[in-house]
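J.:
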Amino acid sequence: MARFFSPALVPLISLVLLLRSGASSAQHTLSAGSSLSVEDHERPFLVSPDGTFSCGFLPAGENAFYFSVWFTAAKNRTAVWTANPGAPVNGRASSISFRHDGVLALADANGTTVWDSKTGGNKRLAVSLLDAGNLLITDPEDSTGVAAWQSFDWPADTLLPSQTLSKDKKLVAGYYTLYYDNDNVLRLLYDGPEIASIYWPDPDLGVFGSGRTNYNSSRVGVLDDAGVFLSSDNLRAEATDLGVAGAKRRLTVEQDGNLRMYSLDADGGWTVTWAALKQPCSVHGLCGKNAICEYQPSLRCSCTPGYERVDRRDWTKGCKTTFTANCSEAATPERFKFVKVAYTDFYGYDLWFNQSVTFQYCRSIRLLC
């Protein structure tokens, strides 16, 4: 029987075919020779089989991009893994390629390789993005299933469900690091330009006072799908939406030094479901040198009297003097005055405990220079 099509249906049929073609172009496994240029950053390099995760180029400022993995449904496309944190590539002529020698390589605009998976020597390798968010390089013909390389072994600032945090792995964001210390306890460390200090768990409470234990030879932590983060040092962190089926979660060390658990909501935004520190000002180095972290009228950083911000866009750089200091013998106490700042602790910058600080003492250690 003859079939006839209305001309009005032709554009619709063409559109359906085009949409199907576009959907099929998003692959979760690629063989050697595949690549993606940064100019084509709107197109993902890989998408996980269930569509939860994508990987490709993410904007990192003006004319700068990172090669990252992110939750596809997240509006802001927050990266959960990044190939070369802190060193984005140029927005022109950069590329990611899975070379014929089995190496996944990120190249900058001048063709220089700035990061690679170091998996060369096997031409049978393939690169895949799994439903768990793990970017994986494997040999399809290897019956052991052992990965030649995987992003889960090289975390940036985020831990995903089923990803293991061990003694050999760290989560790092700026000056802040989550890691297992040499006493086998999971800690947050501030490692700034001048000082370094551990601030979580609370040093004043100690290991056992914080509910932890250093009898912990395994040193392993895992976030599960239900919203529980368990560490072998006796830490148990539960999300406020504990047990919600299908929730997409992540555990992230933030640039403000806090460790937070997030759930992806229906609108593609992130909801905080747990935080390591309830008082943000207890994070060391948050406001930088010569600055004060305050809660009123809202959470903010301010400079001590006689000081001003070094960088208005970055509080961690602290404050600098607005006066000209002088350490010469001609300097007299009358030219200076001490200002008492109540209920304030300049952790890491204290001169001496119970030290009587005088003008002569400050000059002797060249504090006035």
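Taking the working numbering, the leading residue of the sequence shown gets 445, the next gets one more, and so forth. Ideal placement from N, C-alpha and C gives every residue a C-beta, glycine not left out.
(1) If you draw a straight line from the alpha carbon of Tyr510 to that of Ala523, how long is it in whole angstroms?
(2) Smallest Cα separation from Leu695: which of Gly477, Thr496, Ala549, Val616?
(3) Rank Gly546, Ala518, Phe673 by C-alpha distance to the C-alpha of Gly687 and give the top, closest one.
(4) Applying the 10 Å Cβ sphere with the 16-neighbour rule, what's the burial state of Ala527?
(5) Less than 8 Å separating the beta-carbons of Tyr751 and Cys737?
(6) Once the 5 residues before and after Arg753 are set aside, which same chain residues still bring their CB inside 7 Å of it?
(7) Is it the case that the Cβ atoms of Leu708 and Trp714 are separated by a distance below 8 Å?
(8) Does DSSP put Pro503 in a helix, a strand or coil?
(9) Can the beta-carbon of Asn578 be found closer than 8 Å to that of Ser561?
(10) Under DSSP, the beta strand (DSSP E) around Val571 begins and ends at which residues?
(11) Taking Thr760 as the reference, give the member of Val571, Val697, Asp635, Val716 with the closest Cα.
(12) Rank Ser512, Ile642, Gly618, Asn660 by C-alpha distance to the C-alpha of Leu490 and give the top, closest one.
(13) So who's on the other strand from Phe673, going by DSSP bridges?
(14) If I measure Cβ to Cβ from Ser481 and keep anything under 7 Å in the same chain, skipping five residues before and after, which residues do I get?
(15) What is the C-beta distance between Asn743 and Gly701, in whole angstroms, given that I count them as a contact (C-beta under 8 Å)?
(16) Of the residues Pro599, Pro741, Ala689, which one's Cα is nearest the Cα of Leu622?
(17) With a Cβ-Cβ cutoff of 8 Å, do Gly546 and Gly565 count as a contact?
(18) Ile540 bridges to which residues according to DSSP?
(19) Would you kindly work out how many angstroms separate the C-alpha atoms of Ala504 and Asn520, rounded to a whole number?
(20) Between Glu486, Leu603, Phe497, which lies nearest to Ser572 when the distance is taken from Cα to Cα?
(21) For the alpha helix (DSSP H) holding Val651, just list the boundary residues, first then last.
(22) Identify every run of the alpha helix (DSSP H) within the segment 723-773, keeping only runs that are complete inside it and at least 4 residues long; order them along the chain.
(23) Gly732: which of Pro749, Gln740, Ile639, Ala719 sits nearest, CA to CA?
(24) Less than 7 Å between C-beta atoms, sequence neighbours within five positions excluded: which residues of the same chain meet that for Pro493?
(25) Exposed or buried, what is Val727 when buried is set at 16 or more other beta-carbons lying within 10 Å of its beta-carbon?
T.: Well, looking at it:
(1) 9 Å
(2) Residue Val616 holds the alpha-carbon nearest to the alpha-carbon of Leu695 among Gly477, Thr496, Ala549, Val616.
(3) Phe673
(4) buried
(5) no
(6) Cys747, Cys763
(7) yes
(8) The three-state secondary structure of Pro503, taken from DSSP, is strand.
(9) no
(10) 570-573
(11) Asp635
(12) The closest CA to that of Leu490, considering only Ser512, Ile642, Gly618, Asn660, is found on Ser512.
(13) Partner(s): Leu667, Ala681.
(14) Ser539
(15) According to the sequence shown, residue 743 is Leu rather than Asn. No, Leu743 and Gly701 are not in contact; Cβ-Cβ is about 13 Å, not under 8 Å.
(16) Pro599
(17) Contact: yes.
(18) Leu480, Leu550
(19) 12 Å
(20) Phe497
(21) Run containing Val651: 650-653, per the alpha helix (DSSP H) assignment.
(22) none
(23) Ile639
(24) His472, Asp575
(25) With a 10 Å radius around the Cβ and a threshold of 16 neighbouring Cβ atoms, Val727 comes out buried.
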